[in-house]
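Before any comments, here is the structure.
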Amino acid sequence: MRIHTVPPSAALSDPGREHRATEPGVPLRCCLRKSLPGEPVWLFRYSPAHGKGPYSEVGPIFTHVECTGAPSHDRLPAALLNSPRVLRSYNAAGQIHDGEVVQPGSFDRAVDDLLTDPSIESLQVRSLSHGCFLFAVTRT
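If you count the sequence shown from 1, position 116 lands on 124 in the working numbering, and the numbers rise without skipping.
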């Protein structure tokens with residue numbers, strides 16, 4: 009699998025972005041961990057690349073202002089998977105194929121099972137409580 013993160017530079021395309029000098033504990037989409045006290049972050053509107061047309065969604069996300077972390081791009085981030093999450097699968101046309109709630113400890117199996125379906129092009133991992141986009145997963 010390939011994990012797709014959001015670079016901090018994506019914030020620059022949102023003129024309504026907010027700079028937060030510190031916002032501890034928010035899930036960062038750049039390095040796929042929770043923020044620490046004193047780390048400056050951007051809060052901005054983001055539309056994941058994999059949903060298209062009516063399935064294109066825009067929602068709030070956080071990244072570092074400057075990210076020095078390098079997440080693994082072939083392993084699911086444990087720091088963001090310790091709560092139930094929603095997995096949404098999309099076909100090549102960018103339409104939602106299916107969605108399911110996945111419990112901690114079941115992500116690897118659920119992702120592997122979904123990506124064995126040839127009609128699924130990508131997955132979005134989202135917050136269960138707020139529906140916010142966390143990161144995307146595709147086949148390598």
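Using N, Cα and C, we set each Cβ at its ideal position, and we do this for glycine too.
Candidates the options: closest to residue i by CA position
{"i": "S97", "options": "K60, G77, A87 and G24", "result": "K60"}
{"i": "R93", "options": "V66, Q103, E65 and L131", "result": "L131"}
{"i": "Y63", "options": "P48, G107, E26 and A86", "result": "G107"}
{"i": "H138", "options": "R83, A101, P85 and S91", "result": "S91"}
{"i": "R83", "options": "L136, R117 and A18", "result": "R117"}
{"i": "A18", "options": "K42, I69, P32 and E47", "result": "I69"}
{"i": "D22", "options": "C38, E31, F52 and L40", "result": "F52"}
{"i": "K42", "options": "A87, S135, L20 and V14", "result": "A87"}
C-beta atoms of residue i and residue j nearer than 9 Å
{"i": "R147", "j": "H81", "result": "no"}
{"i": "C75", "j": "P35", "result": "no"}
{"i": "A78", "j": "H12", "result": "no"}
Cα-Cα separation, residue i to residue j
{"i": "A100", "j": "P126", "result": "10 Å"}
{"i": "R25", "j": "H72", "result": "12 Å"}
{"i": "A29", "j": "G102", "result": "35 Å"}
{"i": "L122", "j": "L44", "result": "33 Å"}
{"i": "P112", "j": "P48", "result": "28 Å"}
Secondary structure of residue i, DSSP reduced to three states
{"i": "S21", "result": "helix"}
{"i": "A144", "result": "strand"}
{"i": "V49", "result": "strand"}
{"i": "D106", "result": "strand"}
{"i": "R83", "result": "coil"}
{"i": "G61", "result": "helix"}
{"i": "L44", "result": "coil"}
Cβ distance (whole Å) where residue i is taken to contact residue j below 8 Å
{"i": "G67", "j": "C140", "result": "5 Å"}
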